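*Asks:* Each number in this note's numbering corresponds to the 1-based position in the sequence shown with 17 added.
C-beta: ideal position from N, C-alpha, C; glycine also.
Note that this is a predicted model, so its numbers are computed, not measured.
Quick one: the structure is below, and I'll ask about it shortly.
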Amino acid sequence: MGLLAGALLGLDLPQSEKRLLVIAETDGCAVDGISAATNCTVGHRTLRVEDYGKVAATFVDSKTGKAIRIVPRASARETARAFAPDARSKWDAYLLGYQRMPNDELFEVQHVELLDPIERIVSHAGKKTTCTRCGEEIINEREIRENGTTLCVTCAGGGYYRSKSTKELKG
18 MGLLAGALLG LDLPQSEKRL LVIAETDGCA VDGISAATNC TVGHRTLRVE
68 DYGKVAATFV DSKTGKAIRI VPRASARETA RAFAPDARSK WDAYLLGYQR
118 MPNDELFEVQ HVELLDPIER IVSHAGKKTT CTRCGEEIIN EREIRENGTT
168 LCVTCAGGGY YRSKSTKELK G
């Protein structure tokens, strides 16, 4: 997926600069492959994981704003077996078949438009503020401004956890 994206966007991969942004739609092994092929990483802030449970990713040229989403075709697993008749197992058939298949039989490419501007998605490294409710530091412009206060995502009601009271922890 990553190599195909580089070719379609006209970018040399793996990248040595931070021009390509990848938004992966899974937290699984596909992300490792995309990262290895593109040199996009969470630590470089060029890879974001939005876990929708889909083996799909959007690749964005941060210089041009051009964005493409690549997803394996629904028929890819079955087609892979035809490209690897000599495979010893189903897993080997997938591995060999995917390597041998033409990209147009393996992937579906969609030209997409980001809902948020790329500048908002990437934000600015080094920006810091403090949540007025919990007192924790918020970095990279991820705060939410609400009625004159600065809140972290969790305190604004959008987090993935809630704090337990001392009473709940003992019980």
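#1: Look at tyrosine 115 and alanine 97 and say whether their C-beta atoms are less than 8 Å apart.
#2: For phenylalanine 100, which residues from the same chain have a beta carbon less than 6 Å from its beta carbon, with the 5 sequence-adjacent residues on both sides left out?
#3: Note down the Cα distance separating glutamate 130 from alanine 84, rounded to an integer number of angstroms.
#4: In terms of alpha-carbon separation, which member of Thr43, Ala53 and Asn56 lies closest to tyrosine 69?
#5: Terminal residues of the continuous beta strand (DSSP E) containing aspartate 109?
#6: Straight-line CA distance for alanine 110 to proline 134?
#7: What do you get for alanine 74, buried or exposed, if any count of 16 or more other CB atoms within 10 angstroms of its CB means buried?
#8: Could you check the C-alpha separation between leucine 38 and cysteine 57 for me, to the nearest Å?
#9: Across which residues does DSSP place glutamate 163 in a beta bridge pair?
#10: Taking the Cβ atom as the reference point for each residue, do leucine 26 and phenylalanine 76 lie within a distance shorter than 8 Å?
#11: Using CA coordinates, which residue listed in Glu125, Val139, Cys151 and Ile138 is at the minimum distance from glycine 176?
#12: Between which two residues does the alpha helix (DSSP H) containing glutamate 154 stretch?
*Replies:* Judging by the given coordinates:
#1: yes
#2: Gly114, Arg117 and Met118
#3: 6 Å
#4: Thr43
#5: Unbroken run through aspartate 109 is the alpha helix (DSSP H), 107 to 117; no beta strand (DSSP E).
#6: 40 Å
#7: buried
#8: 7 Å
#9: Thr166
#10: yes
#11: Cys151
#12: Note, glutamate 154: premise wrong, no alpha helix (DSSP H); beta strand (DSSP E) at 154 to 156.
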